[in-house]
Amino acid sequence: MTLLVALFGAAGAAARYLVDHAIRSRFPTRFPVATTVVNLTGSFLLGLLVGVGLTGDWRVLAGVGFCGGYTTFSTAMVETLALPGTRERALNLVGMFAGCLLAVAAGAGLGHLAANLPTG
Amino acid sequence: MTPWKAAALVAAGGLAGTSARYGVTLLLPAAEYGPLATLAVNVSGAFALGRLVASSRVRPEVRLLAGTGVIGSFTTYSSFALEVDQLLLAGRIWLALGYAVASLAGGLGAACLGARAGRASR
């Protein structure tokens with residue numbers, strides 16, 4: 020299981036790098052937009068997976084593995100620290116947190132709704 | 046370096062970082078320790094990345110493998126957000142707030158200390 024979780028994490032990490040690279044090369048800004056996009060989308064995806072009721076091994080592989088490897092907390096902290104002013108730091112720190120919390124809740128709500136759609 | 050070679054380095058680091066984080070979650074199961082595993086990896090990872098980034102003469106390959114790959118995957122934002130959300134939904138408002146503040150203030154403080162240690166090592 021550990022090897023599989025690691026492989027899903029590696030895929031998540033590679034996806035993070037590629038998304039980050041694509042955003043950075045198109046929108047050069049001093050604000051860490053790329054990491055924000057990665058963490059928002061990863062939080063939304065994890066919420067969605069939990070919302071649709073994914074449990075057991077697949078939950079661990081997708082949640083701990085892929086989403087865990089894709090999103091990153093350490094880069095968010097280091098990039099916040101690198102911002103020039105206290106206001107910008109606070110905005111990035113709190114903004115990303117509030118955004119990811121909303122994203123995970125929205126994903127979970129949507130996933131729950133989708134899983135409970137009447138069929139037939 | 047092409048983006049694909051860089052992504053391969055990051056993925057290789059991601060194997061190690063994710064395994065280590067998974068190991069911590071097994072050592073500190075959520076049923077007994079709540080979100081302590083995520084707090085531990087995130088704060089320690091913020092220190093490690095702060096140190097690496099502030100150190101001089103880090104080759105780009107090492108930065109990608111160890112920084113973006115290993116440390117980036119060791120820490121996680123999605124689990125952090127999910128755990129806060131679940132604590133809020135369970136009505137454990139103060140624990141959710143305490144966990145969020147401990148993560149963000151602890152993470153930022155740890156990155157700051159790491160950067161100081163990195164500069165001192167030059």
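Protein sequences appear in the order of chains A and B. Positions in the first sequence are counted from 1; adding 19 to them yields this note's numbering. Positions in the second sequence are counted from 1; adding 45 to them yields this note's numbering. Virtual Cβ for every residue (Gly too), placed ideally from N, Cα, C. In this text the structure is predicted, and so the values were computed from the model without any measurement.
By Cβ distance below 8 Å, which residues in the same chain neighbour B:V69 in space, the five residues on each side in sequence not counted?
A82, A85, V86
Is A:V24 buried or exposed, if buried means 16 or more other CB atoms sit within 10 Å of its CB?
buried
Exposed or buried, what is B:S106 when buried is set at 16 or more other beta-carbons lying within 10 Å of its beta-carbon?
Looking at the sequence itself, residue 106 of chain B is Glu, so the reference to Ser does not match. Classification for B:E106: exposed.
Whether or not the stretch 111-127 of chain B and the stretch 116-130 of chain A are in contact is what I'm after, with contact meaning three or more pairs of Cβ atoms, one per stretch, closer than 8 Å; do they touch?
yes
Taking A:A124 as the query, report the chain B residues whose CB atoms sit under 7 Å from its CB, ordered along the chain.
D130
Am I right that A:G114 and A:L68 are in contact with their C-beta atoms under 8 Å? What's the rounded C-beta distance?
Between A:L68 and A:G114 the Cβ distance is about 24 Å, and since that is not below 8 Å, they are no contact.
Please name the residue in A:A32, A:L64, A:F27 whose C-alpha comes closest to that of B:W49.
A:A32
So, for A:G128: in the same chain, excluding its five sequence neighbours on each side, which residues have a beta-carbon less than 7 Å away from its beta-carbon?
G70
Would you say B:L214 reaches chain A, if we count a Cβ-Cβ gap shorter than 7 Å as a contact?
As displayed, chain B neither begins before 46 nor continues past 167, which places residue 214 of chain B out of reach and without an answer.
Using three-state DSSP, classify B:F92 as helix, strand or coil.
helix
What is the DSSP secondary structure of B:Y122, reduced to helix, strand or coil?
coil
Within its chain, find whatever has a CB closer than 6 Å to the CB of B:A145; leave out the 5 residues flanking it on each side and keep chain order.
V129
For B:G152, which residues in chain A fall below 7 Å Cβ to Cβ?
Chain A residues near B:G152: F92, M96.
For B:P80, would you say it is in contact with chain A, using Cβ-to-Cβ distances shorter than 7 Å as the test?
no
I want to see whether chain B comes within less than 7 Å of A:A109, judged by CB atoms only; does it?
no
Comparing alpha-carbon positions, which option in A:T21, A:M20, A:T55, A:A133 lies nearest A:N111?
A:T55
Could you check the C-alpha separation between A:P51 and A:S44 for me, to the nearest Å?
13 Å
Please tell me whether B:V55 and A:Y36 are closer than 7 Å, where the distance is taken between their beta carbons.
yes
By how many angstroms is the C-alpha of A:P103 removed from the C-alpha of A:L64?
31 Å
CB-CB under 7 Å to B:L133, same chain, minus the five flanking residues each way: which ones, in chain order?
A141
To the nearest angstrom, report how far apart B:K96 and A:A124 are at their CA atoms.
The amino acid at residue 96 of chain B is misidentified as Lys; the sequence shows Arg. Using only the alpha carbons, I get a separation of about 33 Å.
Give the interface partners of A:H40 over in chain B, defined as CB-CB distance under 7 Å, in chain order.
P48
Can you pull the chain A residues whose beta carbon is under 7 Å from the beta carbon of B:V98, in chain order?
V97
Is any non-hydrogen atom of the ligand NAP found closer than 6 Å to the C-beta of B:I138, if you look at the structure I gave you?
With respect to the ligand NAP, the structure shown offers nothing to examine, as it has no ligands at all.
Just the C-alpha distance for B:C157 and A:L132, rounded to the nearest angstrom, thanks.
Distance between the alpha carbons of B:C157 and A:L132 is about 42 Å.
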